[in-house]
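**Q** Count along the sequence shown from 1, then add 14; that gives the number in my numbering. A virtual CB, placed ideally from N, CA and C, is assigned to each residue, including glycine. Mind looking over this structure? Questions follow.
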Amino acid sequence: MEQFNDDTIVIVNDFNLTQVFIRFNVFAYISFIGTLYLAYFLFRLILGRMFNYERHKKSPAKHYHHLVDTFIYGTVLFIFGNYSQSYSWITALCIIIGLFGFATICELPFCRVSLQSLRTWDIKLKLICAFAGVIIAAAAVYHIYLATQFKIDEDSSLVLPYVLSLIFICLFLFLSTFVVYKYQNMSFPSLKKRIIRVGERTKNIVMTRNEFEERQHDNTRDVINSDEVLFIDMPEVGFHLHHWQIFYYLAFFTRFDNVISEICAGLVIGIFMHGVSAYGFHDLLEE
15 MEQFNDDTIV IVNDFNLTQV FIRFNVFAYI SFIGTLYLAY FLFRLILGRM FNYERHKKSP
75 AKHYHHLVDT FIYGTVLFIF GNYSQSYSWI TALCIIIGLF GFATICELPF CRVSLQSLRT
135 WDIKLKLICA FAGVIIAAAA VYHIYLATQF KIDEDSSLVL PYVLSLIFIC LFLFLSTFVV
195 YKYQNMSFPS LKKRIIRVGE RTKNIVMTRN EFEERQHDNT RDVINSDEVL FIDMPEVGFH
255 LHHWQIFYYL AFFTRFDNVI SEICAGLVIG IFMHGVSAYG FHDLLEE
């Protein structure tokens, strides 16, 4: 690898695109996963227990599940995010800063909201989000510039695959989520009708599992046996974008061996780990 005086310009000789994206550094990998786990426990033990920051209660089994998922998601991010080459102590430090900083902002009274209540957000929260959006946009422009300077070979830069990946992966995830969301919610009424027809033939009661639970706790109505019920097992689904998903996605593109990129990587990974530590890997589509 040749490195010119300008640190943002790198020419990789005798490497194809796959080798540029996937190169494994065992020491960096162990440090990376270790930092993710450190961030998790720092939040739960210090910010959670000592300062009572907002978080969901988790059983030991739930903690174990989230730690295993952190290992899996972290491994994918490390390999495909080029952290074998770009991970450093700067990134590790900024992961902790990003985690603590974002968690502290979330504790402000007007910040305790969800994306679904966007229209009722306090003006101060909207200004914070607008400022954050400007910072993210500026970082995106800078990283696209870095991609133009990173040379795959002597004739082509990384900018085209970088920008196309940024756009089309996001577009694919959005469209696939939208298709599943629409399909399940549009299929629910027709599915319910089909099950009702089956129930009429078999003399079963037709209801969702939530309706069954409500019926069982309603003292004014007769208790029914689950064997008598034909359940509708495809409930309506809601769309809920979580901050761990947004910043995990962004972390794949803060991939350069450059101080500013390393700082950005640490901050977005820290915010991702806040979501995981405080709440867990909540789904994009929630039933």
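Pull the bridge partners of Ser171 from the DSSP assignment, please.
**A** Ser171 pairs with Lys165.
**Q** By how many angstroms is the C-alpha of Gly252 removed from the C-alpha of Ala152?
**A** Near 32 Å, if we compare the C-alpha coordinates of Gly252 and Ala152.
**Q** When DSSP builds the beta bridges, which residues end up paired with Leu185?
**A** Bridge partners of Leu185: none, in fact.
**Q** Out of curiosity, what's the CA-to-CA distance linking Gly62 and Glu168?
**A** One C-alpha to the other measures close to 51 Å.
**Q** So what does DSSP say about Glu228, is it helix, strand or coil?
**A** Helix.
**Q** Who are the near neighbours of Gly289 in its chain, counting only those whose CB is closer than 7 Å to its CB and skipping five residues on each side?
**A** Here the set comprises His256, His257 and Trp258.
**Q** So, is Leu281 buried or exposed, given that buried needs 16 or more other C-beta atoms within 10 angstroms?
**A** Classification for Leu281: buried.
**Q** Which residue wins for smallest C-alpha separation from Ser45, given the options Lys196, Trp103 and Thr84?
**A** That would be Trp103, whose Cα lies nearest to the Cα of Ser45.
**Q** Give the DSSP-derived three-state secondary structure of Gly252 in the structure shown.
**A** DSSP places Gly252 in strand when its eight states are reduced to three.
**Q** Count the other CB atoms within 10 Å of the CB of Tyr176; is the residue buried (16 or more) or exposed (fewer)?
**A** With 16 or more Cβ atoms within 10 Å of its Cβ, Tyr176 is classed as buried.
**Q** Which residue's Cα is closest to the Cα of Pro74: Val82, Tyr67 and Glu68?
**A** Ranking Val82, Tyr67 and Glu68 by Cα distance to Pro74 puts Val82 first.
**Q** Can you round the beta-carbon distance between Thr268 and His157 to whole angstroms, since I take them to be within the 8 Å contact cut?
**A** 7 Å between Cβ atoms; contact.
**Q** On the three-state DSSP scale, how would you describe Leu299?
**A** In this structure, Leu299 counts as strand in the three-state DSSP scheme.
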